[in-house]
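I have placed the structure first, in the form of structure tokens, so that the comments after it can refer back to it.
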Amino acid sequence: MTVAAIEPSVVENLVRRLTGIVGPDGLINSQAELLVYECDGYTLEKNRPDVVVFPTATEQVVEIVKLCREMRVPFLPRGSGTSLAGGCLPVGGGVIISLARMKRILEIDLRNRFALVEAGVINMWLTNRIKSEGWHYAPDPSSQGACTIGGNVATNSGGPHTLKYGVTVNHVMGVEIVMPDGTVQTLGGPVEDGPGLDLTGVVVGSEGTFGVVTKAWVRLVRNPESVRTLLGVFESVDDATAAISAIIGAGIVPAALEMLDSLILKAVEEAFSFGFPLDAGAVLIMEVDGLDAGLGEEAARIEKLAKANRAREVRRANTEAERLLLWKCRKQAFGAVGRLAPSYCTQDGVVPRTALPEMLRSITAIGDRHKIRIANVFHAGDGNLHPILLFDERDPDQLRRVMEASHEILDECLRLGGSVTGEHGIGVEKIDFMAKLFSPDDLAAMRRVRQAFNPDGLCSPDKMLPTAGACAEAGRHKQVKPGRRAAL
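With the first letter of the sequence shown counted as 1, position 84 gets the number 84 in this note's numbering; the numbers rise by one all the way through.
Written out as structure tokens, the structure reads:
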């Protein structure tokens, strides 16, 4: 569905009726305030919604969706806006349904190992609520101090510890979802394996195109008895990636295995003064957890494998404070990138672990060819890359080169047998690549599934799937302001 601009008289009527649902303090529609919502963490494509509404309960979401359907106005859900692929972009304007005020933890049942939360609950809040009792919520995106669980459900978010524990879909037991026709459905629930079709698994990762998830039942995990965290220091990215393959090839499944290259090391060291060796080509954060018995031996095996692959040293976090600071550096690395350039674009590709050395060399070559600096920090254990392209978006030539380089990086991921997203989603940024990644039959099947949930196409239109099974037509995003690609 391609959405046309909404007439001012329709917007005026829409605002009046939405005010009747959520009250005058429950929405914004001034142009200045709407600027905040014209994009998400992917800032290269922008468009303002006509109104942003802040429901506080599922019942209000139902009324908002019914009103939008009645008036034929597009709508889309939004969490904290940390999405990095344009999943929150209001392509044709319309209504953004912000779930930021639906932030209650409704139930915690440690005996049955689940929690029921509203979609606007910040990821870290849940773990903070239960950590004193020895439990946590395992999915830990780097933005977990800001991102919402509803947003994690939308993109099937990962994080450093998903190598061992799995991504969001492995920890969502069920959802309450307001369908695009305004009905409320409960899919799954607080049981380990529900009967029938796994519709929860279908909704997780659908990027808000199937409806508005308002609540989620999520699985809780016991804290490990013990943790060992190591930092391997390497002269080159090639050596670090060889160590990654050696560790996994030895049958070890670390809790986390993260790589930072020299450029990102400079940024995080300036920000946090951890003591990273700035002359290193790359470092690996290597963590194992579980029962204390035998864990020291496993950490020693990892250290030995790292040194066999030319690690010049392997440091250990000797205290919990050291470990937490190390993870703070990793998880806030993207924020520290602001020290390197005025703008950056974070990509999200996946390759087989054995292809990491070749992929990293290709990224370097692509950056050199387009004269763009590229920093790398990523989930090395599962091959999920996050190259960060540094530039100044005020310079149109730099913007053009960044987009060309981004495309080449994702094409290379596909050539090496990978994917164009591991956890950031497709959004609007990667629609072109869907036809490269999937066959026409695959895309037709996806389109039929989405139509079953969202037959009118009003919920998050122009996201994820290309038009007619191919690259969308030129100019499809006519409402999108400069900074977009010429043809998505």
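Note that CB positions come from ideal geometry on N, CA and C, so glycine has one too.
Checklist entry - Going straight from the alpha carbon of Pro8 to that of Cys39, what length do you get? => result Position 8 of the sequence shown holds residue 8. Position 39 of the sequence shown holds residue 39. Cα to Cα, the separation comes out at about 21 angstroms.
Next on the checklist: Just to confirm the assignment: which complete alpha helix (DSSP H) runs, minimum length 4, are found wholly within the segment 434 to 464?
Outcome noted: The segment 434 to 464 is shown to contain whole alpha helix (DSSP H) runs of 4 or more residues at 440 to 453, in chain order.
Next on the checklist: Within 10 Å of its beta-carbon, does Ala5 have 16 or more other beta-carbons around it, so buried, or fewer, so exposed?
Outcome noted: Position 5 of the sequence shown, counted from the start, is the residue given in the question as residue 5. Taking all protein chains in view, the Cβ of Ala5 is surrounded by fewer than 16 other Cβ atoms within 10 Å, so the residue is classified as exposed.
Checklist entry - For the 8 angstroms Cβ check, are there 3 or more pairs between the segment 316 to 325 and the segment 387 to 395? => result In this structure the segment 316 to 325 does not touch the segment 387 to 395; the number of beta carbon pairs closer than 8 angstroms is below three.
Item to check | CA-to-CA distance, Asp50 to Pro90, given in whole angstroms | outcome: Translated into positions along the sequence shown, residue 90 becomes position 90. Translated into positions along the sequence shown, residue 50 becomes position 50. So the two alpha carbons sit approximately 9 angstroms from each other.
Checklist entry - Leu110 bridges to which residues according to DSSP? => result As a working mapping, residue 110 is identified with position 110 in the sequence shown. Answer by DSSP bridge pairing: none, since Leu110 is not bridged.
Checklist entry - How many Å lie between Thr332 and Val268 at the Cα? => result If you number the sequence shown from 1, residue 332 lands on position 332. If you number the sequence shown from 1, residue 268 lands on position 268. For the record, residue 332 in the displayed sequence is Gln; it is not Thr. The alpha-carbon separation between Gln332 and Val268 amounts to approximately 8 angstroms.
Checklist entry - Span of the alpha helix (DSSP H) holding Glu258? => result Residue numbering aside, residue 258 sits at position 258 when the sequence shown is read from its first letter. Boundaries for Glu258: no alpha helix (DSSP H) harbours it, while the beta strand (DSSP E) harbouring it runs 256 to 261, taken from the DSSP string.
Item to check | Inter-stretch contact at 8 angstroms, needing at least 3 Cβ pairs: the segment 171 to 187 / the segment 58 to 67 | outcome: The segment 58 to 67 and the segment 171 to 187 touch, with three or more beta-carbon pairs separated by less than 8 angstroms.
Checklist entry - Thr241 and Pro357 look like a contact to me (Cβ under 8 angstroms); what is the Cβ gap, rounded to whole Å? => result Indexing the sequence shown from 1 puts residue 241 at position 241. Indexing the sequence shown from 1 puts residue 357 at position 357. Sure, about 5 angstroms apart at Cβ, within 8 angstroms.
Next on the checklist: Quick check: what's the CA-CA separation for Thr354 versus Tyr37?
Outcome noted: As a working note, residue 354 is residue 354 in the sequence shown. As a working note, residue 37 is residue 37 in the sequence shown. C-alpha separation (whole angstroms): 40 angstroms.
Checklist entry - By the 10 Å Cβ neighbour count, where 16 or more other Cβ atoms means buried, how is Arg72 classified, buried or exposed? => result Counting from one through the sequence shown, the residue named residue 72 turns up at place 72. Exposed.
Next on the checklist: Just to confirm my understanding: we take Gly296, look at its own chain, exclude 5 residues before and 5 after, and list those with CB closer than 8 angstroms. What are they?
Outcome noted: Indexing the sequence shown from 1 puts residue 296 at position 296. Around Gly296: Arg228.
Checklist entry - Buried or exposed: which applies to Lys215, given that a residue is buried once 16 or more other Cβ atoms fall within 10 Å of its Cβ? => result Your numbering for residue 215 matches position 215 in the sequence shown. A buried status is given to Lys215, since no fewer than 16 other beta-carbon atoms sit within 10 Å of its beta-carbon.
Checklist entry - In whole angstroms, what separates the C-alpha of Asp292 from that of Pro224? => result On the sequence shown, position 292 is the one that residue 292 refers to. On the sequence shown, position 224 is the one that residue 224 refers to. Straight-line Cα distance between these residues: approximately 9 angstroms.
Next on the checklist: For a test of the three-state rule: what should DSSP assign to Lys304, helix, strand or coil?
Outcome noted: On the sequence shown, residue 304 is found 304 positions in, with the first residue counted as 1. The answer is helix: DSSP assigns Lys304 an H, G or I state.
Item to check | Member of Gly211, Ala85, Asn112 whose CA lies at the smallest distance from the CA of Gly349 | outcome: Taking the sequence shown and counting its residues from 1, one reaches residue 349 at position 349. For the options Gly211, Ala85, Asn112, the alpha carbon positioned closest to that of Gly349 is the one of Ala85.
Checklist entry - In the segment 344 to 382, which residue ranges form an unbroken beta strand (DSSP E) of at least 3 residues, counting only runs that do not cross its ends? => result Counting only runs of 3 or more, we get 373 to 379.
Next on the checklist: Looking only at its chain, what residues have a beta carbon closer than 7 angstroms to the beta carbon of Gln398, apart from the 5 residues adjacent to it on each side?
Outcome noted: Locating residue 398 in the sequence shown gives position 398, where the first residue counts as 1. The answer, listed in chain order, is Phe391, Asp392.
Checklist entry - Which residues in the same chain have their Cβ closer than 8 angstroms to the Cβ of Phe438, if we skip the five residues on either side of it in sequence? => result Along the sequence shown, read from residue 1 onward, the residue named residue 438 stands at position 438. The beta carbon of Phe438 is closer than 8 angstroms to those of Met446 in its chain, skipping five residues each way along the sequence.
Checklist entry - So, helix, strand or coil for Ala115, using DSSP? => result For the purposes of this step, residue 115 is taken as the residue at position 115 of the sequence shown. Ala115 falls in the strand class under three-state DSSP.
Checklist entry - Among Asp382, His407, Glu412, Asp442, which has the Cα closest to the Cα of Lys430? => result Counted from its first residue, the sequence shown places residue 430 at position 430. Nearest to Lys430 by alpha-carbon distance, out of Asp382, His407, Glu412, Asp442, is His407.
Checklist entry - Which term fits Leu35, buried or exposed, when burial requires 16 or more other beta carbons within 10 angstroms of its beta carbon? => result Position 35 of the sequence shown, counted from the start, is the residue given in the question as residue 35. By the neighbour-count criterion, in which 16 or more other beta carbons inside 10 Å mark a residue as buried, Leu35 falls on the exposed side.
Checklist entry - Comparing alpha-carbon positions, which option in Leu220, Glu298, Pro55 lies nearest Asn128? => result In the sequence shown, residue 128 corresponds to position 128, counting from 1. Minimum Cα distance to Asn128 is reached at Leu220.
Checklist entry - For Asn112, does the count of other Cβ atoms within 10 angstroms reach 16, so buried, or fall short, so exposed? => result Numbered from 1 along the sequence shown, position 112 holds the residue referred to as residue 112. With fewer than 16 other Cβ atoms within 10 Å, it is exposed.
Checklist entry - Whole-angstrom Cβ separation of Ala280 and Val237, contact assumed at under 8 angstroms? => result Sequence index remark: in the sequence shown, residue 280 carries index 280 (1-based). Sequence index remark: in the sequence shown, residue 237 carries index 237 (1-based). Incorrect: roughly 10 angstroms between the Cβ atoms, too far for contact.
Checklist entry - With distances taken from CA atoms, which of Leu257, His171, Ser206 is nearest Gly189? => result By one-based count along the sequence shown, residue 189 stands at place 189. Nearest option by C-alpha distance: His171.
Next on the checklist: Please tell me whether Leu263 and Ala375 are closer than 8 angstroms, where the distance is taken between their beta carbons.
Outcome noted: Here residue 263 refers to the residue found at position 263 when the sequence shown is read from its first residue. Here residue 375 refers to the residue found at position 375 when the sequence shown is read from its first residue. Remark: C-beta atoms of Leu263 and Ala375 approach each other more closely than 8 angstroms.
Checklist entry - Hey, is the segment 8 to 17 in contact with the segment 39 to 48, meaning 3+ C-beta pairs nearer than 8 angstroms? => result With a cut-off of 8 angstroms, the segment 39 to 48 and the segment 8 to 17 do not count as touching, because too few Cβ pairs lie within range.
Checklist entry - In the structure shown, what three-state DSSP assignment does Arg312 receive? => result Along the sequence shown, one-based indexing puts residue 312 at 312. Looking at Arg312 - three-state DSSP - the assignment turns out to be strand.
Checklist entry - When the Cα of Arg310 is compared with those of Ser273, Ala100, Ala243, which residue comes out closest? => result Position 310 of the sequence shown, counting from 1, holds the residue named residue 310. Among Ser273, Ala100, Ala243, the Cα nearest to that of Arg310 belongs to Ala243.
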